[in-house]
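Chemist: The sequence shown begins at 19 in our numbering and counts up by one.
Provided herewith is a single structure, encoded as structure tokens, for subsequent inquiry.
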Amino acid sequence: MGRLDGKIAVVTAAAGGIAGASARRFAAEGASVLVCDIDLEGAERTVADITAAGGTARARHCDVADPDSAEAAVDAAMDAFGAIHVLMNGAAVREPVANVVDLPLADWEHAMRVNLTGIFLMCKYAIPRIVAAGGGSVINVASQLGSVVVPNRPAYVTSKAATIQLSKSMALDFAEDNVRVNSLSPGATETGRLLAHYQTMEAVRRALVPLHPIGRLGQPEDLADAALFLASDESAFVTGHDLIVDGGYTAV
Ligand SMILES: NC(=O)c1ccc[n+]([C@@H]2O[C@H](COP(=O)([O-])OP(=O)(O)OC[C@H]3O[C@@H](n4cnc5c(N)ncnc54)[C@H](O)[C@@H]3O)[C@@H](O)[C@H]2O)c1
């Protein structure tokens, strides 16, 4: 028996590392998954992995920053599977590394639009469906950098701190509807995202492993395990929480 048997999940950014691993994990535990991403080919690769393993999934092009696209993705999940119980929001852009003086306004606004407003939009359209299904779980991917900061990432760290607060806000507003809302904050995790700032994963590890007391970087599967906990009924009493999965980064 799977830990998500009978559940229907919508996962954004699921062509990517962390949300892709989570979509595969959800499906392996019995969920039917709508695999959403702006990268449709990548979403189709995630679906191919899921179906090859015997799971159920559909791919969907979705730009979470576009209200029409977000709403259409929610409608597509309803058309394909008839309900929504789990929403995982994983999208974030790779914005330029620059302080406020040097960061172009367009990059600030784009990061806020995708990282934060994208969550607002997906929740706006999906939460009524989760309520109609009798309740469920929303998981918003934030970051350890929502709690602590590094230099020259003002848009990213601000969008992630706001994601944690937005999650708590929605947790309060929808608790009586049995909709739990939590954020999930990874430490540095070995995905393509880290290669935006370093040439190779080896260079990433040299730079970032020393900041993680556990002595390694996260793997997407580490985050998928935590997302599964938040998605499943095992976390039935957990809402308004920021689950930090960072190998001790923020404990220092
Ligand atoms: N990898 C890390 O070290 C790390 C650390 C902390 C937090 N995070 C967070 O984890 C989440 C997933 O990151 P990842 O490391 O798996 O990155 P990734 O680059 O592997 O995946 C990100 C995915 O987001 C998609 N995406 C971008 N814009 C989109 C949009 N407008 N609509 C829909 N999809 C869009 C991309 O196409 C990509 O598939 C992000 O929110 C990121 O901020 C990652």
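We treat Cβ as the ideally placed atom computed from N, Cα and C, and that holds for glycine.
Source: prediction; values computed, not measured.
Smallest Cα separation from V82: which of A101, V111, A70, V104?
Modeler: Measuring from the Cα of V82, the nearest candidate turns out to be V111.
Chemist: When you measure from the CB of Y174 to every non-hydrogen atom of ligand 1, does any distance come out below 8 Å?
Modeler: Yes, the beta carbon of Y174 sits closer than 8 Å to at least one heavy atom of ligand 1.
Chemist: Consult DSSP for M106 and reduce its assignment to one of helix, strand or coil.
Modeler: In the structure shown, M106 sits in a strand (DSSP, three-state: E or B).
Chemist: Would V319 be called buried (16 or more neighbouring beta carbons within 10 Å of its own) or exposed?
Modeler: Any question about residue 319 goes unanswered here, given that the chain covers just 19 to 270.
Chemist: Beta-carbon within less than 6 Å of A27's beta-carbon, same chain only, minus the 5 sequence neighbours each way: which residues are those?
Modeler: If we look at A27 and ignore the five residues flanking it on each side, its Cβ neighbours are F44, A49, V51, V104.
Chemist: Between V53 and V29, is the Cβ-Cβ spacing less than 9 Å?
Modeler: Closer than 9 Å, so yes.
Chemist: Give a yes or no on contact between the segment 113 to 121 and the segment 137 to 151, applying the rule of three or more CB pairs nearer than 8 Å.
Modeler: No, the segment 113 to 121 does not touch the segment 137 to 151.
Chemist: Tell me whether V114 counts as near ligand 1, meaning its Cβ is closer than 8 Å to at least one heavy atom of that ligand.
Modeler: Strictly speaking, residue 114 in this sequence is Pro, with Val absent from that position. False, no ligand heavy atom lies under 8 Å from that Cβ.
Chemist: Using 10 angstroms around the beta-carbon of S13, count the other beta-carbons present and answer buried if the total reaches 16, otherwise exposed.
Modeler: Here the chain covers residues 19 to 270 and nothing more, so residue 13 does not appear.
Chemist: I need the straight-line Cα distance from T64 to A41, nearest angstrom please.
Modeler: Taking the straight line from one Cα to the other gives about 8 Å.
Chemist: If contact is defined by three or more beta carbon pairs under 8 Å, each pair taking one atom from either stretch, is the segment 63 to 80 in contact with the segment 123 to 135?
Modeler: No, the segment 123 to 135 is not in contact with the segment 63 to 80.
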